[in-house]
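Asker:
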Amino acid sequence: MKKLLLLVVLAMLVPVMIFAGGQADSGQTIDDNFFDKTVKIIIPYGAGGTHDVVARKIAEVGSRSRYTNAPIVCVQETGGDGLVAAIHFTTKDPNVRELLTTSYGLWYQKIVKGDAINLDLSKIHPIGTFDDRSYLLYVRSDSPYQTLEDLIAESKKREVVLSAGAVGADAHLCFGGLINQAGGKSRIASYEGGAQQIAALLNGEVDCFVGTSQVGKQYLELGQVRAITTFKDFDFTGFKDELGIVVPNVADAGYPQSAITGGGMLSVRTGTDESYIADVEELIKKVWADPDFSNFTTDIGLNIFDIYGDDLTKHIEKAAANATLSAKSLGLID
0 MKKLLLLVVL
10 AMLVPVMIFA
20 GGQADSGQTI
30 DDNFFDKTVK
40 IIIPYGAGGT
50 HDVVARKIAE
60 VGSRSRYTNA
70 PIVCVQETGG
80 DGLVAAIHFT
90 TKDPNVRELL
100 TTSYGLWYQK
110 IVKGDAINLD
120 LSKIHPIGTF
130 DDRSYLLYVR
140 SDSPYQTLED
150 LIAESKKREV
160 VLSAGAVGAD
170 AHLCFGGLIN
180 QAGGKSRIAS
190 YEGGAQQIAA
200 LLNGEVDCFV
210 GTSQVGKQYL
220 ELGQVRAITT
230 FKDFDFTGFK
240 DELGIVVPNV
250 ADAGYPQSAI
260 TGGGMLSVRT
270 GTDESYIADV
280 EELIKKVWAD
290 PDFSNFTTDI
300 GLNIFDIYGD
310 DLTKHIEKAA
320 ANATLSAKSL
330 GLID
């Protein structure tokens, strides 16, 4: 009887052991698509900002059955102007099914703060751009500063205040570098995310705000703010058809080094399997090719701009070089 019972127990255990062994083996071999299981997009910035809005559109378009076999979900992890999520991301397993919306601002902050930031950018692998933006300088509609020259003149009388994410972030480098180059003074008041930063402008807490067209458009339509310059080397025409507004660029105004690249990329952890990297790049390309996403991008005033691989690496290096010049002009680095 005891022998019979033992045989029955062994018979029950064998398939369990085989199943467990099979599971362990499959965990070691990358033979599926990155999007065969639920993928998280980690958003390091506040709700309502451009990173948040565009990332959620990617999840919406990308989750369609013809693109992925499982949902893409967005998760907010804010703090430190993107640093909290980025640092946490670098500690994760390379093949974790997560994507980080990675801004150029992470590189800019690292340039400015160096080892004071516990972020190893070599552990983040950017795959493709999803957001290319023209940063605009906004003032309240009732502001006495009608033009960039007006604001520069004021900065020579007193310290003008900008709402931004953090010292060394892209908005700070854009505006602070320009004001410093012009011989004025400025400082930043830190707020988390574009929505909170423009709210500070509307509430009268700051003199100006640097942000995207997506964040500022509704306030332009309501007549609450005015866009007085764009931090690019070409005019911003995204509001021309609908609002009749063309925003002049800083390069033509004599401040080319303040034309700072803004936007971001979708990234995986460095060391992610090459097949997963290829899966993510393929999905980003499909999303960009989808009119639902590309039309959305232009509707909110962002630029159509997608690059990958070596081209993306070179683009990041060029952006970092321009940011370094601006940081030096601010005295943030030697």
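Under numbering that gives the first Met the number 0, think of the first position of the sequence shown as 0, with each following residue one higher.
All C-beta atoms, glycine included, are put in the ideal place defined by N, C-alpha and C.
Less than 8 Å between C-beta atoms, sequence neighbours within five positions excluded: which residues of the same chain meet that for residue 179?
Answerer: Cβ neighbours of residue 179 beyond the five flanking positions: 185, 328, 329, 330.
Asker: Would you say residue 190 faces chain B, with C-beta separation under 8 Å as the test?
Answerer: Looking for chain B here will not work: only one protein chain is present.
Asker: Can residue 293 be considered in contact with the ligand GTP, in the sense that its beta carbon sits closer than 7 Å to one or more heavy atoms?
Answerer: The ligand content of the structure shown is nil, which means the ligand GTP is not present either.
Asker: If the criterion is Cβ atoms closer than 8 Å, does the pair residue 252 and residue 147 meet it?
Answerer: In this structure, residue 147 lies closer than 8 Å to residue 252 by Cβ.
Asker: Can you find the residues in the same chain that come closer than 6 Å, C-beta to C-beta, to residue 317, ignoring five residues on each side of it along the sequence?
Answerer: For residue 317, where only same-chain residues beyond five positions count, there are no Cβ hits under 6 Å.
Asker: Which residue from 62, 72, 81, 305 puts its Cα closest to that of residue 131?
Answerer: Considering only alpha carbons, the answer is 305.
Asker: Please state whether DSSP places residue 2 in a helix, a strand or coil.
Answerer: Reliability of the predicted coordinates at residue 2 is poor, the pLDDT of 45 falling under 50, and no value is obtained from them.
Asker: Tell me the rounded alpha-carbon separation between residue 108 and residue 80.
Answerer: Going by the C-alpha atoms only, they are around 9 Å apart.
Asker: How many Å lie between residue 54 and residue 263 at the Cα?
Answerer: Taking the straight line joining both Cα atoms gives about 10 Å.
Asker: Exposed or buried, which one is residue 125 when buried takes at least 16 other CB atoms within 10 Å?
Answerer: With 16 or more Cβ atoms within 10 Å of its Cβ, residue 125 is classed as buried.
Asker: In the region 100-182, which residue ranges form an unbroken alpha helix (DSSP H) of at least 4 residues, counting only runs that do not cross its ends?
Answerer: Listed in chain order, they are 103-112, 147-154, 169-180.
Asker: Under the three-state reduction of DSSP, which class applies to residue 56: helix, strand or coil?
Answerer: Helix.
Asker: If I'm right that residue 205 touches residue 160 with Cβ under 8 Å, what's the distance once you round it to whole angstroms?
Answerer: Yes, they are in contact, since the Cβ atoms of residue 205 and residue 160 sit about 4 Å apart, within 8 Å.
Asker: Suppose contacts are defined by Cβ-Cβ distances below 8 Å. Is residue 68 in contact with residue 33 by that definition?
Answerer: No, these two residues do not count as a Cβ contact at 8 Å.
Asker: Per the DSSP calculation, residue 226 is bridged to which residue(s)?
Answerer: Residue 226 is bridged to 137.
Asker: Would you grab the beta carbon distance between residue 265 and residue 45 for me? Rounded to a whole angstrom, and I think it's under 8 Å.
Answerer: At roughly 19 Å, the Cβ-Cβ gap does not stay under 8 Å, so residue 265 and residue 45 are not in contact.
Asker: Considering just the uninterrupted stretch of the alpha helix (DSSP H) at residue 301, what are its terminal residues?
Answerer: No alpha helix (DSSP H) contains residue 301, which DSSP labels as neither H nor E.
Asker: Can you find at least 3 beta carbon pairs, one from the region 75-89 and one from the region 188-196, that sit closer than 8 Å?
Answerer: Taking 8 Å as the limit for Cβ pairs, the verdict is that the region 188-196 does touch the region 75-89.
Asker: Mapping DSSP to helix, strand and coil, what is residue 398?
Answerer: The requested residue 398 is not part of the displayed model; the chain covers only 0 to 333.
Asker: Can you find the residues in the same chain that come closer than 8 Å, C-beta to C-beta, to residue 110, ignoring five residues on each side of it along the sequence?
Answerer: Correct list, in chain order: 167, 319, 322, 323, 326, 332.
Asker: Could you tell me which of 268, 300, 287 sits nearest to residue 87, measuring between CA atoms?
Answerer: Ranking the options by Cα distance to residue 87, first place goes to 268.
Asker: List the DSSP bridge partners of residue 189.
Answerer: Answer is 163.
Asker: Do you know how far the Cα of residue 52 is from the Cα of residue 219?
Answerer: Distance between the alpha carbons of residue 219 and residue 52 is about 18 Å.
Asker: What separation, rounded to the nearest whole angstrom, lies between the Cα atoms of residue 136 and residue 207?
Answerer: Taking the straight line joining both Cα atoms gives about 7 Å.
Asker: Please check the pair residue 257 and residue 249, which I expect to be a contact at CB under 8 Å, by giving their CB distance rounded to whole angstroms.
Answerer: Residue 257 to residue 249, Cβ: 5 Å. Contact.
Asker: Report, in whole angstroms, the separation of the C-beta atoms of residue 76 and residue 84, which I expect to be a contact under 8 Å.
Answerer: The Cβ separation is near 4 Å, so the contact holds.
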